[in-house]
Amino acid sequence: MADFLAELCDTDRSNPFPVWDNGSVGYCFTQLVLNVLPHTALALASACYLNTPRSRWQSFTWSWECRIIISFVQVALFLFDVVTVIFFPNLKTLWLEVLVDSVAVIAWLIHGLAVGALSKSQYGRSLGPAILPFFAVLPAPALIIILIADCQTGQVTCSDYLSSWLRFILICAELTLLLVYLVVLVASQPGRDEMNPEQEPLLQDQSAGSEGEIMAEDGANWISHLFYFWMNPIMKRGYKLQINQPNDVYQLPLKLRTHDIEEHFQKCWQKCVLEEASKQEKKQRKSKSDGHQSIDGRQHIRRSSWRDQQTSEAAQKDATTPNVTKEVHLLSVLNKAFGCRFYSLGLLKFIGSMLGFAGPLLLNLLVTFMESDTQQMTKGVWYALGLFLSTFIGAVLLNQFNYRVMTISLMVRSALISAIYRKSLRVNTTTLSTFSVGEIVNFMSTDTDRIVNFFPIFHDLWSLPFQFGITLYLLYQQVGVTFLGGLVIGLLLVPLNKIIASKIMENSKKHLGQKDSRVRLMTEILFGMRVIKFYTWEKHFTEKVAEVREKELSRLKVIKYLDAVCVYMWAALPVVISILTFVTYALLGHQLTAATVFTVLALVGMLIQPLNNFPWVLNGILQAKVSLDRIQRFLQLSDQDLSTYYMTREPEDPDSAVELHDASFSWIPQEASGDSGTRLEGSLELLNLNLMVKQEQLIGVVGKVGCGKSSLIAAILGELNRLDGEVYISTQNKGFGLAAQEPWIQFTTIRENILFGNKYDAKQYQDVIEACALSEDLNILPNGDQTEVGESGVTLSGGQKARIALARAVYMEKELYLLDDPLAAVDKDVAKHLLEKCILGVLKDKTVILCTHRTEFLDMADVVVLMEDGRIVKTGTPNEILPKVEAYPTTKQKQTKKKAAVEDQHHMPIINDKEAMAGEELEIIILTKEVAFAKLMGLKDRHVFWPRWNASQGTKKQIANAFMATTVFFDVTPVGRIVNRFSSDLYCVDDTLPFILNIFLATTYGLFGTLLMISYSLPWILLVLVPLVILYFYMQRYYRFTSRELKRLTAITLSPIYTQFSETLTGLTTIRASRAVARFEEENTHRLELNQRCLYIGNTAVQWLDIRLQMIGVAVVTSIAIIAIIEHGLKRGNPGLVGLAMSYALSITNLLSGVISSFTQTETQMVSVERLDEYFTEIPIEPQEGHIEVPSSWPQHGVILFKDVVLKYREGLPHALDGISLKIGAGEKVGIVGRTGSGKSTLFLALFRLVELSEGQIFIDNIDIKTASLRDIR
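For the sequence shown, the residue numbers in our numbering are 433 to 1706.
This is how it looks when you write it as structure tokens:
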């Protein structure tokens, strides 16, 4: 080192680095310490701000401009100085000058770029980070010292060399620029560079968070990227419990924005479709004869040749496009969209894994060094330094690998969920009916999660065998071929593992199918909960769910047992290999040394990870393959193609609004109809429909129940499979105003339901409210039109829901309206109002097709269409058609009464399903007391004949608790939220939580054992371990608080996605008819991005913790090496104990990370347990048992007495029944009448105790029903 400095500085070897020389500071000391070090610090500090994000609101101020100019002028001066030195090589310190100037050039170049980035960021309002100006002017003393020394020695004034004069001028210019830099800083006060209040943006930058924070990692410097310093503010807020809502977390980085990922994924999908179409086209060219075959054998002869050609081309397009789509594999699209970025991460995995092998090799060298007394101490220092660098760099690289894989996994998750939602919006009703809501929800939850979980383990598929091979090679280097005995045992386990893996895959498919059945059953039960409670069917459906659940658990049990066998075999293998290796090595006559033993132990320990993880990798890949195929099957469904469904040519009559020419339709999906030409049993077809509707006409469609009226509406909407004929709609691009037979109401306010995404126009809105007879209803509601309705409008009566759905359609101002029996759920007066004020009023200039059974309101129709068995029987004026309608009231009133009397004798008068589920309006309800209660008593005992279900008693009890919740609970709780409990949360409890808990216990015991062995081997290590343990304890507490809150927010933001998805699936027809698909996709994107934000920050918090724990591990390994070297220098070291401690310390990094990660994951997964426990223990439960036991013959007479009955559905709502008092004698027949929302249905809810009374009493045969059990009452 002395020789190097003497040659570099041209000094004496006895004093190569003088600090003071000839009455002044030494020149070499000035250049290396006072010049090079400040410039190095300036370069490093400036590099940290190169990635500062740009803010669109910042102006380019003069102070920043001056600093940028000074920086690049300094670059030019130092470059010129280098050129001067090189071309005039008269200096003895040539290489010293080149070194100093080169460092200065790099430093000022980086500084100029950093200042340019800072000037366009939010730092532009101030002087920026104070550390940069400090390091920028720090080289000034060195320049001053050089100038003074040159003047004192007369080197410049007495020199004849041009280079000396040039360098003197350059140094003066450099010093002058530093002084100007300092003057600019002093003159530029912070207030002068701040933005004026008038320049402040009205809206915050979209790249900023809720509190003006930058988007997650965007803009962070490279050091912050490596150690996640940008996460410190959010971690601090989490520790202080200040993360209370999703907007408290960072915005997503630009590369993770959901909208951009959707567009990228769809573009890649289209590219794959085009590539596949190109391949098919090449195949078709080779076989031209096949290309001319008929596409559809059911094509009929058309009336003109040009129409023949048009229909044939459309049919060919219909047949080709879906086939091309089916040939596109989801895996190919994912590969094209994210493959290049994902595969490139394998380089990080490779380097990090290779550095992991440096530990055992350096351990061998270190123990050999301690066994030898002749090696120099410098070798031990180099070995310790090598251990530090290998563990440090490896930890950083593998941490970055995990983080980058996590970001790609989130991209895939966003792409898949968006694609599934997008597909569900674009597939017509007939095709989508092959999947249930529960199945599609599982596609978005379980199947997507399994595919996402595949990405972290993909690189293990090649890296684990690679690590295995390298480890075996190193073992061969240490002990020769003696390890082959253990290797043979490992190879024998491979075919057995393959058999187990295939069994796991088979059972996984069946398990997912049973889970779909359970979720589908739970969804149906939740939608029909009122019917179940009316008839006391809770026990039956509890056992039914428990039966499906028992089958699901039996499959899960098989999977877990197979997993356990697989893991046990591979985990026990390293122990077997170690024993066989040492025994064989000793029997062959070799001497076991400490270096050999502990190196082999370390290498065999490295086999644990590949051997333990490989079964899980195979299992995860198999599960991902199953889920990928399931989603693939859904995404391959044919989209609704309205361009081929509707006729494109203009009709002969320009005033035509709707035309059907020999049109036939079917509810059978296109795929099914293509496979089989026969008609499926029970499916309705519309055959040979011919209909012409002119603009501004009112068309009435009548016929018996099931004749095809609603199917006609669906055919016009494009929701059916068109078999033949032509359909023309003049305004199909603008959409339709649809009022469906089953009103679809969103879980939002009444106003938002009516506006349906359109702008609010006060006058138009009020006109619609009046026309749809909603004024009085809104006045009764507590918050008027701002009242939030429950899911599917459960807090509204049937008539209110029908009128809100009608108002929504009217407010859209479409040209064509399709009204499917909107008058059925309202009384006669309201129906008359709707006809006069709405259909014949607001919609008088619109084309309206009205399907109804209430033919008394069709006298004003322009045309009436009579349908029967899927055919249009006759079309004509009301006078021609209405007398022929079988249900025409003027001719069939007596028959209707006779029919009702017969039904009273043969059928039980139960409440209609619609009325039970949603409180449908009753125009007149006739209740015969003797018959009613006798039949209800029969229903009460019907469960005796139900089969016994052999299900888990614990599961039955949990489900029974959920079923016993009050009706109000189901009214105010979205079905999607409850389904989420029984899908995602239950999956966590079934699968994820036991898996994580197992890892936590294993790593905890491993960590305790490791610390014990290290402390025993090197007691001095306790000086390092004690503070590290304290740091470890506080670090995990700091992390756990934030992790728990982020997990909670992730779960909270996940439920709205499922809720909206379930809501969308039930209202698909309305959404597509109103052409609101794009808006619903945007809403889904917004909800998904909010969930992605919480999930991204939560996953990044795991990496934030991991890198810090890795650094603790690095500190332990390095400390052991240093203590070992010190003990060796003091002649106290024991190589065997050092090897033992180091062999355990090499695995402490993974153990430290594993314990805290598994513990926090276990804690966060316990949130799912809490959420399930909340539904089982904390939800409001109906009081099941009564205070008295009623006799078996009760009620004997059926006398009902209402005494001052007051009822309200929940706190804050007005009374639905207000002081009702009445008495109904035995055998009386009572009619209950009243307008919509007057409380007719509420009387039955009170009588069945579906809602408990606020005040008053109800007696049946002198027994207060509140004192009897619910089972007896219902």
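From the three backbone atoms N, C-alpha and C, an ideal C-beta is built for every residue, glycine too.
Whole-Å CB distance - residue i paired with residue j, under 8 Å assumed
i     : j     : result
R981  : H943  : Rounded, the Cβ-Cβ distance is 12 Å, inconsistent with contact.
V547  : I500  : 5 Å
P1612 : A1397 : 6 Å
A572  : L610  : 5 Å
C1283 : I1145 : 6 Å
A847  : F1168 : In fact, because the Cβ distance is near 32 Å, the residues do not count as touching under 8 Å.
K1166 : R1507 : 7 Å
A1257 : A1234 : 4 Å
L1654 : R1681 : Going by Cβ atoms, the distance from L1654 to R1681 rounds to 18 Å, so no, they are not a contact pair.
S1532 : M663  : Here the sequence assigns Thr to residue 1532, which means Ser is not the residue at that position. That belief holds up - the Cβ atoms of T1532 and M663 are roughly 6 Å apart, short of 8 Å.
Extent of the continuous alpha helix (DSSP H) to which residue i belongs
i     : result
R1504 : L1500 to A1505
D400  : Within the shown structure, residues of the chain are numbered from 433 to 1706, placing residue 400 beyond reach of any answer.
I1145 : K1141 to L1149
C700  : T690 to K718
K1233 : G1230 to Y1243
S1447 : L1425 to S1449
L482  : Unbroken run through L482: none, as it is neither H nor E.
D1704 : L1702 to I1705
Backbone secondary structure at residue i - three-state DSSP
i     : result
D1307 : Residue identity check: residue 1307 is Thr in the sequence provided, not Asp. In this structure, T1307 counts as strand in the three-state DSSP scheme.
L1119 : strand
S1070 : coil
K1655 : strand
Y1160 : strand
L1112 : Unreliable placement is indicated for L1112, whose pLDDT of 46 sits below 50; the coordinate value is still reported in the next sentence. Reduced to three states, the DSSP call for L1112 is coil.
V1570 : helix
E1687 : strand
L1354 : Residue placement at L1354 is poorly supported in this model, since its pLDDT is 30, which falls under 50; the coordinates still yield a value, given next. Residue state, collapsed to three classes: coil.
E1220 : strand
G945  : helix
G791  : helix
K1126 : strand
E1515 : helix
L602  : helix
A851  : helix
L1298 : strand
D1193 : coil
Q1327 : Its pLDDT being 40, under 50, Q1327 is placed unreliably by the model, and the measurement read from it follows with that caveat. Helix, per DSSP.
G1135 : strand
A508  : helix
D1085 : coil
A1366 : At A1366, the pLDDT of 30 sits below 50, so the modelled position is not reliable and the matter cannot be decided from this model.
T1181 : strand
First through last residue of the beta strand (DSSP E) which encompasses residue i
i     : result
T1279 : T1279 to C1283
A1613 : This sequence places Ile at residue 1613; Ala is not what is there. Segment: none, I1613 is in no beta strand (DSSP E) and carries neither H nor E.
L1250 : L1248 to D1252
L1290 : Per DSSP, L1290 belongs to no beta strand (DSSP E) and is neither H nor E.
L1639 : I1632 to L1639
Beta-ladder partner(s) of residue i, from DSSP
i     : result
F1097 : L1118 and R1154
D1605 : DSSP output for D1605 lists no bridge partner at all.
E1091 : M1124 and Y1160
D1650 : V1638
G1169 : Y1249
What ranges does the alpha helix (DSSP H) occupy inside the region 994-1052, keeping only unbroken runs of at least 4 residues that lie completely in it? 1026-1038
Start-end ranges of the alpha helix (DSSP H) lying completely within the region 554-578, minimum 4 residues: 563-569
Which runs of the alpha helix (DSSP H) fall wholly inside the region 1516-1599 and span at least 4 residues, in chain order? 1567-1577
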